[in-house]
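Trainee: Below are the structure tokens for one structure; questions will follow.
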Amino acid sequence: MECKSIKNVIRVFALVVCTSQLPLIAQNGEATFKQTCGACHTIGKGKVVGPDLMNVHKKRKEEWIIKFVKGSQAFIKSGDADAKAIFDEFNGMVMPDQPLKDEDIKAVIAYIGAQSDGAAVSEPVADASAKKNTVDRNSGSNFKGRAYFEGSMAFSKGGASCISCHNVNYDGVIAGGVLAKDLTDSHTRLGVEAGLNGMLSSLHFLL
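Note that the sequence shown covers residues 18 to 224 in the numbering used here.
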């Protein structure tokens with residue numbers, strides 16, 4: 018009887034530990050999501066640069082998500098039909114390989130799960146921003162943005178100008194660098210508010 022009671026206590030203790038870990042895991046995942054994923058993905062607010070991740074933990078197995086996050090291109094080239102379908106749906110937009118540990122990705126999945134369970138689906142961010150994708154090239158903010166892009170105006174924290182790494186096909190702008198993606202018409206492809214603003218607000222280097 019005593020042995021049986023001890024086993025019951027152990028089972029209860031294990032259950033309490035496991036269930037109490039979920040909020041902590043989700044909290045750890047929140048920081049990683051905001052730093053690494055939030056510029057391109059939402060949870061319940063529609064497609065932006067990449068797919069809406071609401072309930073992704075129910076649509077894909079954990080192992081599948083980990084493989085895709087760590088090496089999407091290798092996964093696509095391996096012939097995985099779901100990975101290729103996502104790649105095609107987003108016009109061949111390459112998701113950069115993320116140097117995250119399995120534990121970090123699992124924490125992000127837990128965070129997405131927690132957010133999905135409590136999230137109310139709102140108007141898709143991409144749809145809401147579609148009306149704002151037209152850029153007025155004669156506006157004052159556009160001239161200022163061009164100055165920052167070309168480097169004739171310096172960023173406050175001393176960051177390199179955008180043209181150092183990026184190119185745009187725009188009248189009067191010299192050819193840019195080739196280290197990073199060509200940004201011609203990126204406001205049309207990604208959206209201004211949801212896409213470009215989201216990416217620029219999550220940069221990991223000085224501006």
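For every residue, glycine included, the Cβ atom is placed at its ideal position computed from N, Cα and C. In this text the structure is predicted, and so the values were computed from the model without any measurement.
(1) What separation, rounded to the nearest whole angstrom, lies between the Cα atoms of lysine 62 and alanine 171?
(2) Give me the Cα-Cα distance between glutamine 90 and aspartate 114, rounded to the nearest whole angstrom.
(3) Measuring alpha carbon to alpha carbon, tell me which residue in Ala124, Gln44 and Asn45 is nearest glutamate 79.
(4) Which residue's Cα is closest to the Cα of leucine 196: Asn45, Asn184 and Asp69?
(5) I'd like to know if the region 159 to 166 and the region 97 to 111 are in contact, where contact means that at least 3 CB-CB pairs between them fall below 8 Å.
(6) For lysine 76, which of helix, strand or coil comes out of DSSP?
(7) My guess is that isoleucine 129 and valine 73 are in contact by the Cβ rule of under 8 Å, so how many angstroms apart are they, rounded?
(8) Once DSSP output is grouped into helix, strand and coil, what is the label at glutamine 115?
(9) Could you spell out where the alpha helix (DSSP H) holding aspartate 105 opens and where it closes?
(10) Report the rounded CA-to-CA distance for glycine 194 versus asparagine 186, giving the unit in angstroms.
Mentor: Put simply:
(1) About 34 Å.
(2) 8 Å
(3) Among Ala124, Gln44 and Asn45, the Cα nearest to that of glutamate 79 belongs to Ala124.
(4) Minimum Cα distance to leucine 196 is reached at Asn184.
(5) no
(6) Helix.
(7) 6 Å
(8) coil
(9) 98 to 106
(10) 12 Å
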